[in-house]
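Number 363 in our numbering belongs to position 296 of the sequence shown; there are no gaps in the numbering.
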Amino acid sequence: MVDVTAEFRRVQSAYAQPTLSLISRKSSPAVIAVFRSMFSTEKPNVPTARMHDQVNGLLADLRRAGIPDVPDANGRDACKRWMNDGWLNRTSDANGDEIYSLTANALDGLRTVDRLTKDRSISLSSHLIAGLIRHLRDFSASISPDVGDYITSLTAEKVRIQTEIKRVLDGGAVEEASEDQIIAGFTELQRFLAELPSDFSRVSESYRDFEVKLISEFRTESVATGEAVRRYLAHVQDLATSSAAGRGFEGALELLRDPELLDQVNRYISTLLADERAAALLNVEERSQVQNAVLLIREGLKQVLERRARVSRTLNDYITSHDVERDHELAETLRALESAAQEWMQTAGPRAKAPMELLPGKLDVQHLRTKMYDPANDEPPLPMTQVERPDRVGNVTLAELRARGGPSHAALRDELEAYLGDSVESLAELFHSLPEDLRRPVEVLGVLPLARRSGLEPTGEVEVYETVRPDGSRRLLDVPRYASTTPPDDDSAVAGEGHR
68 MVDVTAEFRR VQSAYAQPTL SLISRKSSPA VIAVFRSMFS TEKPNVPTAR MHDQVNGLLA
128 DLRRAGIPDV PDANGRDACK RWMNDGWLNR TSDANGDEIY SLTANALDGL RTVDRLTKDR
188 SISLSSHLIA GLIRHLRDFS ASISPDVGDY ITSLTAEKVR IQTEIKRVLD GGAVEEASED
248 QIIAGFTELQ RFLAELPSDF SRVSESYRDF EVKLISEFRT ESVATGEAVR RYLAHVQDLA
308 TSSAAGRGFE GALELLRDPE LLDQVNRYIS TLLADERAAA LLNVEERSQV QNAVLLIREG
368 LKQVLERRAR VSRTLNDYIT SHDVERDHEL AETLRALESA AQEWMQTAGP RAKAPMELLP
428 GKLDVQHLRT KMYDPANDEP PLPMTQVERP DRVGNVTLAE LRARGGPSHA ALRDELEAYL
488 GDSVESLAEL FHSLPEDLRR PVEVLGVLPL ARRSGLEPTG EVEVYETVRP DGSRRLLDVP
548 RYASTTPPDD DSAVAGEGHR
């Protein structure tokens with residue numbers, strides 16, 4: 068009698084898998100439509116920020132179209148929920164940027180939906196029956212090899228091939244594949260190609276799970292360097308031999324390593340797609356899938372190798388940072404603490420407390436030096452050397468250079484300091500009393516700041532300054548009038564008369 072309860076438990080465990088949960092929920096049509104819009108064979112990864120924005124827009128489009136059971140969340144929250152459901156992976160690419168990719172379970176669910184949405188079915192034909200018989204023959208021969216049966220099978224195959232060669236050489240026509248055979252062949256090819264992404268994802272996820280397990284073991288137990296390497300190599304070996312996905316990965320790796328086999332595969336694909344009947348039977352998406360078969364294998368290998376390289380880096384970081392001597396010191400310290408705790412527990416009561424600081428106390432240090440003392444920093448500068456002042460620089464004398472320079476502030480201050488402290492009615496008159504070498508046009512810019520610092524203020528009027536250029540020519544300048552704001556006393560008036 069069939070144990071229906073056991074069957075129910077097996078079916079229930081299958082429905083708990085992310086693959087069936089993806090296609091069995093009320094929101095599954097909307098979620099799968101988003102996945103089919105975001106991911107493809109040519110675009111297996113999507114940057115995180117772009118994924119959030121586009122998912123947000125796609126969900127909004129579905130709501131506006133009146134589609135029922137659309138997830139009520141923004142793009143970021145929806146992607147986070149799908150990660151928890153086991154449909155999305157978020158990893159980092161070679162540049163360190165975060166990307167989303169579909170998990171192997173999600174790819175299996177999409178392949179199921181894709182197969183159901185095809186309007187083409189495989190009909191039972193002689194092509195399929197012949198392929199089934201060949202597969203059974205080769206498979207049974209490999210499972211239970213018998214020398215006699217094996218030689219008989221090869222001899223029969225040899226006779227058939229020689230008979231076919233003779234028929235063609237005698238002018239017989241080469242039998243072309245029927246439309247039914249072409250459809251069946253392409254359907255089978257697409258089935259193989261559709262399974263590749265999920266197989267590669269399974270291998271990549273296996274390496275990811277192993278990395279998480281390896282890091283957990285590093286943190287919870289002291290794993291020797293040799294043991295860590297042994298576990299890594301054992302995982303790689305088991306993955307390559309124990310699972311169909313791992314064996315497929317090794318086969319794809321051998322394909323890309325063999326240039327002749329790779330060229331042969333490309334020629335087969337080109338021959339298939341060059342046929343007019345194939346072009347009429349395949350739509351654009353199916354034709355692109357077949358044409359990019361090698362690219363699909365290459366991208367899947369790249370994904371797996373990047374994940375394996377990441378595990379290798381994790382292992383390398385552990386090996387290079389693992390200090391055996393430090394671990395021994397830590398073990399001795401922990402044993403000493405355990406011994407002290409045991410001695411204390413012999414005399415301590417059940418509610419006794421041991422004063423213990425969780426963090427070390429604060430150090431009373433005012434300043435920590437960041438570099439060593441360098442005596443060269445306190446050496447005095449080199450003494451200044453006396454240089455003979457030349458009379459000429461090129462074809463110009465020093466006097467000519469000074470005549471073309473700016474205001475002579477020191478000389479102006481010496482000449483005008485005694486008068487600027489008194490009451491001044493006209494700054495222009497003081498300027499006109501200066502020697503001609505201090506009456507250059509530029510000297511006006513030195514007289515005005517001196518006057519302002521001495522308490523003279525502009526009156527709002529303008530007075531004329533007669534300046535003398537170095538070549539003896541004169542120039543009149545209209546300059547704001549400056550005068551004292553305090554009335555003159557007797558002494559200053561006498562000094563002013565004497566100056567005039």
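From the three backbone atoms N, C-alpha and C, an ideal C-beta is built for every residue, glycine too.
Keep in mind that this is a model prediction, so the values were computed, not measured.
_Nearest by alpha-carbon distance to Phe498: which of Glu467, Glu528, Glu533 and Ile99 is it?_
Glu533
*Which word fits Asp175, buried or exposed, when buried means at least 16 other C-beta atoms lie within 10 angstroms of its C-beta?*
buried
*Simplified DSSP state of Phe498, which is helix, strand or coil*: helix
_Please give the ranges of any alpha helix (DSSP H) in the region 207-267, keeping only runs that are unbroken, at least 4 residues long and fully inside the region._
214-236
_By DSSP's criteria, Thr381 is part of a beta bridge. Which residues make up the other side?_
BP columns for Thr381 are empty, so no partner.
*Check the DSSP bridge columns for Val546 and list the partner residues they point to.*
Glu530
_Reduced DSSP secondary structure (H/G/I, E/B, other) of Pro114_ = strand
_Boundaries of the beta strand (DSSP E) in which Leu328 is found, first to last residue_ = No beta strand (DSSP E) holds Leu328; the alpha helix (DSSP H) holding it covers Pro326 to Ala341.
*How big is the Cα-Cα spacing for Phe267 and Gln370?*
8 Å
*Is Ser107 buried or exposed, if buried means 16 or more other CB atoms sit within 10 Å of its CB?*
exposed
*So does the region 161-176 actually touch the region 260-279, counting three or more Cβ pairs closer than 8 Å?*
yes
*If you drop the 5 nearest sequence neighbours on each side, which residues of the same chain put their C-beta closer than 7 Å to that of Gly473?*
Val509
*Please classify Gly133: is it buried, with 16 or more other beta-carbons within 10 angstroms of its beta-carbon, or exposed?*
exposed
*Val535 and Glu496 closer than 9 Å at C-beta*: no
_Along the chain, where does the alpha helix (DSSP H) containing Tyr440 start, and where does it finish?_
Here Tyr440 belongs to no alpha helix (DSSP H), and DSSP marks it neither H nor E.
*asked:* Quick check on Gly513: buried or exposed, where buried means 16 or more other Cβ atoms within 10 Å of its Cβ?
replied: buried
_Closest by C-alpha distance to Arg571, when choosing among Gly142, Ala97, Asp128 and Pro135_ = Any property of residue 571 remains undetermined from this structure, which presents the chain solely from 68 to 567.
*Whole angstroms is fine: what's the gap from Ala470's alpha carbon to Pro537's?*
6 Å
_Cα-Cα separation between Ala140 and Pro96, rounded to whole angstroms_ = 16 Å
*Between which two residues does the beta strand (DSSP E) carrying Asn151 extend?*
Asn151 -> not in any beta strand (DSSP E); alpha helix (DSSP H) instead, spanning Gly142 to Asn151.
*Give the straight-line distance between the Cα atoms of Ile336 and Thr72, rounded to the nearest whole angstrom.*
49 Å
*Rounded separation between Ala127 and Pro264 - CA only*: 29 Å
*Exposed or buried, which one is Val460 when buried takes at least 16 other CB atoms within 10 Å?*
exposed
_With 16 other Cβ atoms within 10 Å as the buried cut-off, status of Phe75_ = exposed
*Other residues of its chain near Arg298: CB distance less than 6 Å, five sequence neighbours each side excluded*: none
*asked:* Does Glu424 come out as helix, strand or coil in the three-state DSSP assignment?
replied: coil
*Could you work out which residue in Ser91, Asn156, Asp120 and Ile166 is closest to Thr179 when comparing CA atoms only?*
Ser91
*Does the region 476-484 come close enough to the region 449-464 to have 3 or more Cβ pairs within less than 8 Å?*
no
*asked:* Judging by CA-CA distance, which residue of Gly153, Arg77 and Gly428 is the nearest neighbour of His272?
replied: Sequence inspection shows Glu at residue 272; the His mentioned does not correspond to that position. Considering only alpha carbons, the answer is Gly153.
*Alpha carbon to alpha carbon, how far is Asp70 from Arg324? Give it in angstroms, no decimals.*
50 Å
*Just grab the DSSP bridge partners of Gly459 for me.*
A quick correction: the sequence has Arg, not Gly, at residue 459. Bridge partners of Arg459: Thr464.
*With distances taken between CB atoms, is the gap from Arg374 to Thr158 smaller than 9 Å?*
yes
*Using the DSSP secondary-structure output, state which residues sit across from Glu524 in a beta bridge.*
Ala550
*Measuring CA to CA, which of Leu543, Ala407 and Glu492 is closest to Thr552?*
Glu492
*Pairwise C-alpha distance: Ile166 and Leu129*: 24 Å
*Straight-line Cα distance separating Leu494 from Thr526*: 11 Å
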